[in-house]
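If you're matching positions, the sequence shown starts at 1 in my numbering and goes up one per residue.
Have a look at the structure below, then the notes.
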Amino acid sequence: MNSTNDMTYYLAAFVDELVKSGLEDAVISPGSRSTPIALLLAEHPMVNITVLIDERSAAFYALGLAKTKNKPVAILCTSGTAATNYYPAIVEAHQSRIPLIVLTADRPHELRDVGAPQAIDQLKMYGDYVKWFVEMSLPEDTSSMIRYARTMAARAAGTSLSAPKGPVHLNFPLREPLIPDLEADELWSKYKESNESIVEVNVGDYSISDDQARFFAMLMSERKKGVIVCGEMAQSKVEAFSSAITELSQTLQYPIFADPLSGLRTGMHEKDCVIEGYDAFLRSDEVKKNLEPEIIIRFGAMPVSKFLMQYISKSSNAIQIVVDGEGGWRDPTLQASYMVHAEETFFCHKVLESLTARDAFKWVDRIKSLNDVTKKILSEEQMESGMFEGRIISELQAMLPDSSAIFVGNSMPIRDVDTFLYKEDKKLTVLANRGANGIDGVVSTALAASNAYENLVLVIGDLSFYHDLNGLLAAKLLKLNVTIVLVNNNGGGIFSFLPQSKVEKHFEALFGTPTGMNFEHAVKLYEGDYMRAEDWPSFQKAVSYSINNKGLKVIEVPTNRAKNEEIHRKLWKNVSQEMISIMEKKNDGD
1 MNSTNDMTYY
11 LAAFVDELVK
21 SGLEDAVISP
31 GSRSTPIALL
41 LAEHPMVNIT
51 VLIDERSAAF
61 YALGLAKTKN
71 KPVAILCTSG
81 TAATNYYPAI
91 VEAHQSRIPL
101 IVLTADRPHE
111 LRDVGAPQAI
121 DQLKMYGDYV
131 KWFVEMSLPE
141 DTSSMIRYAR
151 TMAARAAGTS
161 LSAPKGPVHL
171 NFPLREPLIP
181 DLEADELWSK
191 YKESNESIVE
201 VNVGDYSISD
211 DQARFFAMLM
221 SERKKGVIVC
231 GEMAQSKVEA
241 FSSAITELSQ
251 TLQYPIFADP
261 LSGLRTGMHE
271 KDCVIEGYDA
281 FLRSDEVKKN
291 LEPEIIIRFG
301 AMPVSKFLMQ
311 YISKSSNAIQ
321 IVVDGEGGWR
331 DPTLQASYMV
341 HAEETFFCHK
351 VLESLTARDA
361 FKWVDRIKSL
371 NDVTKKILSE
381 EQMESGMFEG
391 RIISELQAML
401 PDSSAIFVGN
411 SMPIRDVDTF
421 LYKEDKKLTV
431 LANRGANGID
441 GVVSTALAAS
451 NAYENLVLVI
461 GDLSFYHDLN
471 GLLAAKLLKL
481 NVTIVLVNNN
491 GGGIFSFLPQ
501 SKVEKHFEAL
511 FGTPTGMNFE
521 HAVKLYEGDY
531 MRAEDWPSFQ
541 KAVSYSINNK
551 GLKVIEVPTN
561 RAKNEEIHRK
571 LWKNVSQEMI
581 SIMEKKNDGD
């Protein structure tokens, strides 16, 4: 028996089958026990490898690649605590339905639970946050074990892509010696009779029958007061879905409450019924009382807006249809009347076959009017509010070229995008990590996503930026082109809007958490361009520079937390007052 041959051919077969199953990218963190897999991934001519030192950053970087490519990406690390650092990104991948293939090297069985160094229990270490786990067998160079290795690789890729998409975990116990023979004969093809995948995994779409489509069409056609709610959609679905959902909206004359991550606010599709100001006007109880729907049709993830969620939750008398193309159960409001597992675009087209177009009526016109008034108030008043954080989004939308992307941090930035990103024909893709809504790993994810766009701007708060500061190493090593707008309000701005802010005695220490950091030094450490914008002309100049120059650019925008809260609340109050005035004047009936 030749242990080097056993390891070489067994692991080479596994890597080769991953490639045949669609793998293009692997993100590797250095380590000893993972050496043979790392070398074989690097040796395979069809694998693009990225090496990032910190496993937490590496995993989020892989997530960003998989998010934009809609293909599985492998991550590889050594044994021990290295593997535990993958956990946050795996949780996000699970919640966001992102395909990741997690490869962890491990000590062999005889070195477990006996005090051997760098040996922890890695069996099912990610729990239910992976779709599938397998403890791989020890390597053997036999035809049956080579077939086993290939089958596990094909299954891993296929499982990560089957609905709902998500991460899978394969744990590899490996004995020394750990250096494979990269010059071995038939390295990628031993015991292989053809160049095809050993097993082709076909992942189909969920659908509905003609009878089911007619039933849902009947429910819709019998009800005039309807609302369509669209949350985050996979980027691969957006173009086809945009056309289908807007046709359904126009036919039914139902407004679309379009979350910024839905892809519906920008682009060349029809947007007449697209509504963006709902987060502001639904803060008014008077509006909610006068906009009681008879039916709500929901697509995609749950929306960012808390007030839209409350509107959905309180519409308990409405029929609520939740359409999920990946067979999940996205209904935190517990109000679903029908959970429909059908590919979203297919559902729209199928239902449209049984619908006839109807004329506009007061229901949809009223909501459009509320939306227009809301946007007018928000747009005009933010221009008079100094270095207001919400205006950053408006400025970026005006300045960024067509087909650019905005990656948005959690907490305040995503909420400002929800409020201030308005519909237009110029296409701006909005991305975020909204699976678990964490502030960690955002820089690394955005840097990976920047590979897919000519211009990508990350809008992020100072605490989230600090949390993933070492993610900037990827920008330096890989020479990425990305702009980071660092909204620095010196702490956790979101807490100023939450009940915690009322506990003044402990608020600043426990929740405000100011750091007083000088981020210029950090940017210089990673050889980026640092700019500071303390007024709008300097911000516009910095953004213009960033669009026309490659590399890492960080634009720091210092803001005042208290002032930012004050302006937000003033804007919402003004919108609510105007909504009440409109409601009082409205004509009864439709």
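C-beta atoms are modelled at their ideal positions from N, C-alpha and C, and glycine is treated no differently.
Between the C-alpha atoms of residue i and residue j, what's the straight-line distance to the nearest angstrom?
i, j, result
"GLU344", "ALA213", "12 Å"
"ASP590", "PHE361", "For ASP590, the pLDDT reaches just 44, beneath the cut-off of 50, and the residue's location in the model is therefore unreliable, although a value from the coordinates is still provided. Each residue's Cα considered, the two are about 7 Å apart."
"TYR466", "ASP365", "45 Å"
"LEU282", "SER394", "21 Å"
"PRO139", "LEU41", "16 Å"
"LYS597", "GLY438", "No information on residue 597 is available, as it lies outside the stretch 1 to 590 that the chain covers here."
"ALA522", "ASP331", "41 Å"
"GLU92", "THR159", "17 Å"
"ILE120", "PHE133", "17 Å"
"ASP185", "TYR9", "10 Å"
"MET583", "ASN290", "7 Å"
"ILE146", "THR445", "35 Å"
"THR4", "ASP141", "9 Å"
"ASP588", "LEU370", "Low confidence applies here, because ASP588 scores a pLDDT of 49, under 50, leaving its location unreliable and the question unanswered by this model."
"ASN451", "ILE28", "17 Å"
"LYS376", "GLU578", "11 Å"
"ALA542", "PHE511", "31 Å"
"PRO45", "GLU294", "57 Å"
"LYS570", "MET387", "15 Å"
"LEU63", "VAL304", "20 Å"
"ARG265", "GLU276", "7 Å"
"TYR206", "ASP529", "47 Å"
"GLY67", "VAL408", "Before going on, a small fix: residue 67 reads as Lys here, not Gly. Approximately 14 Å between the Cα atoms of the pair."
"LEU52", "PRO30", "8 Å"
Go through its chain and collect everything with a Cβ distance to residue i's Cβ below 7 Å, but skip five positions before and after it.
i, result
"THR333", "MET309, ILE312 and SER313"
"SER144", "none"
"PHE347", "ILE208, VAL323 and VAL340"
"GLU550", "In the sequence under discussion, the amino acid at residue 550 is Lys, which differs from the Glu named in the question. Hits under 7 Å: ASN481."
"ASN574", "ILE377 and GLU381"
Using CA atoms only, rank isn't needed, just tell me which of the options is closest to residue i.
i, options, result
"ARG33", "ALA93, THR104 and ALA58", "THR104"
"GLU424", "LYS573, LEU400 and PHE407", "LEU400"
"ARG56", "VAL443, ILE296, PHE14 and GLU534", "VAL443"
"ASN564", "GLU556, ASP529 and GLU389", "GLU389"
"ASN353", "ARG97, ALA244 and PRO260", "The sequence shown places Glu at residue 353, rather than the Asn named in the question. It is ALA244."
"VAL274", "GLU286, THR78, ILE256 and SER284", "ILE256"
"GLU504", "GLU200, ALA448 and ALA562", "ALA562"
"GLU232", "ASN560, MET268, MET302 and SER284", "MET302"
Could you name the residues of the same chain whose beta carbon sits closer than 6 Å to that of residue i, not counting the 5 residues immediately before and after it, in chain order?
i, result
"SER236", "ASN70"
"SER581", "none"
"GLY80", "GLN118 and ILE120"
"VAL351", "ALA213, PHE216 and ALA217"
"SER618", "This structure does not reach residue 618, given that the chain is present from 1 up to 590, and the question cannot be answered."
"LYS165", "ARG97 and PRO99"
"GLU597", "Given that the chain is displayed from residue 1 to residue 590, the structure contains no residue 597 and the question cannot be resolved."
"ILE484", "LEU458 and VAL554"
"HIS269", "SER242, SER243 and THR246"
Here's a check: name, in chain order, each residue in its chain whose Cβ is nearer than 8 Å to the Cβ of residue i, leaving out the five neighbours to either side.
i, result
"ASP602", "The structure shown has nothing for residue 602, since the chain only spans 1 to 590."
"TYR526", "LEU472, LEU473, ALA475, LYS476 and LEU552"
"ILE101", "LEU18, LEU23, PRO72, VAL73, ALA74, ILE75, ALA156, ALA157, SER160, PRO167, VAL168 and LEU170"
"LEU469", "VAL443 and ALA522"
"VAL203", "GLY158, LEU161, SER162 and ALA163"
Can you have a look at residue i and say buried or exposed, based on whether 16 or more other CB atoms are within 10 angstroms of its CB?
i, result
"ALA217", "buried"
"ALA116", "exposed"
"LEU378", "buried"
"PRO177", "exposed"
"GLY435", "buried"
"HIS614", "It is not possible to answer for residue 614, since the shown part of the chain is limited to 1 through 590."
"ILE179", "exposed"
"GLY441", "buried"
"SER544", "exposed"
"SER626", "Given that the chain is displayed from residue 1 to residue 590, the structure contains no residue 626 and the question cannot be resolved."
"LEU174", "buried"
"GLU556", "buried"
In the DSSP output, what is residue i paired with across the bridge?
i, result
"ASN488", "PRO558"
"GLU135", "ASN171"
"SER404", "LEU428"
"CYS273", "Its beta-bridge partners do not exist; DSSP assigns none."
"GLY461", "VAL487"
"LYS553", "THR483 and ASP529"
Does the beta carbon of residue i come closer than 8 Å to any beta carbon on chain D?
i, result
"GLY461", "Of the chains in the structure shown, none is chain D; there is only one protein chain."
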